[in-house]
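Numbering (mature numbering (1 follows the signal peptide of the UniProt record, and there is no 0)), first residue to last: -18 to -1, 1 to 106.
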């Protein structure tokens, strides 16, 4: 299995596109919880009045899993259509780590011995 690390910047890009005049904050520092549900990153983060609210980001809108077995930024990339068994390590002393098993070459049918593991650091 090959291991890969990618910094997910789509979360900040999505926020910047939605509200271009808003100052960005580091989600790993300010959010008190985060988890992965299927292909959605969910977090409880403070709003500008410091009230905590639930937020979510569909990671399929940010990444693709290419034929070189790497996650890469692509709008509407649908990476998680070929990545399964995703888990999020939430050690609050370091950025969260997303681990998934992804099918080789984008083949959505599981083939024994043809699944690669990818580690993605969610350091926003």
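We treat Cβ as the ideally placed atom computed from N, Cα and C, and that holds for glycine.
Predicted model, so just to flag it, every value in this text is computed and none were measured.
Helix, strand or coil: which one does DSSP assign to residue i?
i, result
"residue 61", "helix"
"residue 12", "helix"
"residue 35", "strand"
On a CA-only basis, which of the options is nearest residue i? Give me that one, please.
i, options, result
"residue 80", "14, 12, 18", "18"
"residue 29", "13, 39, 22", "13"
Suppose you measure from the CA of residue i to the CA of residue j; what does that come to, to the nearest Å?
i, j, result
"residue 67", "residue 60", "15 Å"
"residue 20", "residue 11", "23 Å"
"residue 34", "residue 24", "13 Å"
"residue 58", "residue 42", "6 Å"
"residue 54", "residue 31", "34 Å"
"residue 71", "residue 37", "18 Å"
"residue 84", "residue 27", "29 Å"
Can you find the residues in the same chain that come closer than 8 Å, C-beta to C-beta, to residue i, ignoring five residues on each side of it along the sequence?
i, result
"residue 56", "44, 45, 46"
Within 9 Å of any Cβ in chain B, is that where the Cβ of residue i sits?
i, result
"residue 63", "Although the question refers to chain B, the structure presented lacks it and comprises just one protein chain."
Could you pull out every residue in the same chain whose Cβ sits closer than 6 Å to the Cβ of residue i, ignoring the five residues on either side in sequence?
i, result
"residue 48", "54"
"residue 22", "38, 40"
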